[in-house]
DNA sequence: CAAACGTGGAA
DNA sequence: TTTCCAAGTTT
């Protein structure tokens, strides 16, 4: 695995490559931590730019700890699982205030911190501190279940896979090994069509020997997602300020900037932020982890009205990029609708020829 | 411990 | 179009 990693390691902004690592270079624990939290349930391709932006805005854990909550949530917007961003800040503040800006160099110490669970603690311990801890993420579950031909379905198989993975973790270069086995899972031992022909583990893989590699790991089927509905209210006042609110800490899109909405359920009760002749401009479709959402977008001119919730934010201080993706979709629809209205106002009669 | 918690790309 | 799934953690 380590030989394979020496020649096939993927380059990433937060990673110290195998050559530099063997020359004695160590990654910055802050950068490793930030990348690992971002990578939770999130692809490398998506994380890259977010990681670079965060490092540019907040180069050290002390910088991040001193940041405004709203700025960090805005920078996280679009990455999803927003509890990660809230815990990221909590963790940075603990490390900065209580630990002199240094991450604990032990599994147990890391596990105490907000947002750091078994995987992230092992990743930090091994990658940043070169401790012989074992990472078990989705990649490792797949690689191990195939090498040992574990037929037990996940998540039941998790403890078994963890024990097997621990047996393979070497005392030498545990950090590079952790990254190697995850790279292998991401590039060779993939969920569909694994590239067994070029796999360094081919000779020792029980699933490959039996020809069942594509069927592993087995998983319990997922529940079908229900569809919920809701309403969202996109409005500006006479000054052109946008009515926005910060969603409650707990729950969906917690802590994020958003337009006011009704509840989201099978039969939502309308909840406009003020009485007006609300106009429905269409429906936004969005899928969350556990349900589909059909969100009907309403607009109205707020004029001089005093809403029951939310705050008017001047257009100059509002960036659509600070919104979570669902709200961004609602914003884009409202923009397109108002653009169309303006265009048709300027050119009221401009019939598009019918194309048969 | 099951359920909650986002999003985008690939098949 | 729909499902699957990606370097999981918290409650």
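In the UniProt record's numbering, the protein residues as written are 1 to 356. Just so it is clear, CB atoms sit at the ideal spot from N, CA and C, and this is done for glycine as well. Just so you know, these numbers come straight off a predicted model, no measurement behind them.
If you draw a straight line from the alpha carbon of residue 351 to that of residue 340, how long is it in whole angstroms?
Since pLDDT at residue 351 reaches only 33, below the 50 mark, its modelled position is unreliable, and the value read off the structure follows with that caveat. Each residue's Cα considered, the two are about 14 Å apart.
Take residue 55 and list the residues in its own chain whose beta-carbon comes closer than 6 Å to its own, dropping the five residues that flank it on each side.
none
Name the residue from 283, 305, 300 and 289 whose alpha carbon lies nearest to the alpha carbon of residue 332.
283
Label residue 316 either buried or exposed according to how many other C-beta atoms from any shown protein chain fall within 10 Å of its C-beta, with 16 as the threshold for buried.
exposed
Taking 8 Å as the cut-off, decide whether the C-beta atoms of residue 292 and residue 280 are in contact.
no
Where are the beta strand (DSSP E) runs, 3 residues long or more, that stay fully inside the region 214–269, in chain order?
227–237 and 242–246
Counting pairs of Cβ atoms below 8 Å between the region 159–171 and the region 135–145, do you hit three or more?
yes
Cutoff 6 Å; reference residue 249; Cβ partners in own chain excluding five residues on either side
255
In angstroms, rounded to a whole number, what distance separates the CA positions of residue 125 and residue 147?
25 Å
To the nearest whole angstrom, what separates the beta carbons of residue 231 and residue 262, a pair I think is in contact under 8 Å?
4 Å
Tell me, to the nearest whole angstrom, how far the beta carbon of residue 275 is from that of residue 260; I am working on the premise that it is less than 8 Å.
Contact flag wrong, Cβ pair sits at about 13 Å.
Using the three-state DSSP reduction, which class does residue 117 fall into: helix, strand or coil?
coil
Does residue 294 come out as helix, strand or coil in the three-state DSSP assignment?
strand
Rounded to whole angstroms, what's the CA-CA distance from residue 234 to residue 48? Just pull it up for me.
31 Å
If I measure Cβ to Cβ from residue 31 and keep anything under 7 Å in the same chain, skipping five residues before and after, which residues do I get?
14 and 55
Alpha carbon of residue 26 to alpha carbon of residue 61, nearest angstrom:
17 Å
If you run the structure through DSSP and keep just helix, strand and coil, what is residue 162?
helix
Would you mind sorting residue 108 into buried or exposed? The rule is 16 or more other CB atoms within 10 Å of its CB.
exposed
What residue does the alpha helix (DSSP H) around residue 91 start on, and which one ends it?
83–98
Whole-Å CB distance - residue 181 paired with residue 1, under 8 Å assumed
6 Å
Under the three-state DSSP convention, the category residue 143 falls into:
helix
According to DSSP, what are the bridge partners of residue 313?
242
Going by the beta-carbon positions, is the gap between residue 187 and residue 294 smaller than 8 Å?
no
Please classify residue 106: does DSSP put it in a helix, a strand, or coil?
coil
Figure out for me which residue from 192, 290, 72 and 213 has the closest Cα to the Cα of residue 257.
72
Could you tell me if residue 102 is buried or exposed, where buried requires 16 or more neighbouring beta carbons within 10 angstroms of its beta carbon?
exposed
Exposure of residue 314, with buried meaning 16 or more beta-carbon neighbours within 10 Å
exposed
Among residues of its own chain, excluding the 5 on either side of residue 16, which ones have a beta-carbon nearer than 8 Å to its beta-carbon?
25, 26 and 27
Would you kindly work out how many angstroms separate the C-alpha atoms of residue 97 and residue 39, rounded to a whole number?
25 Å
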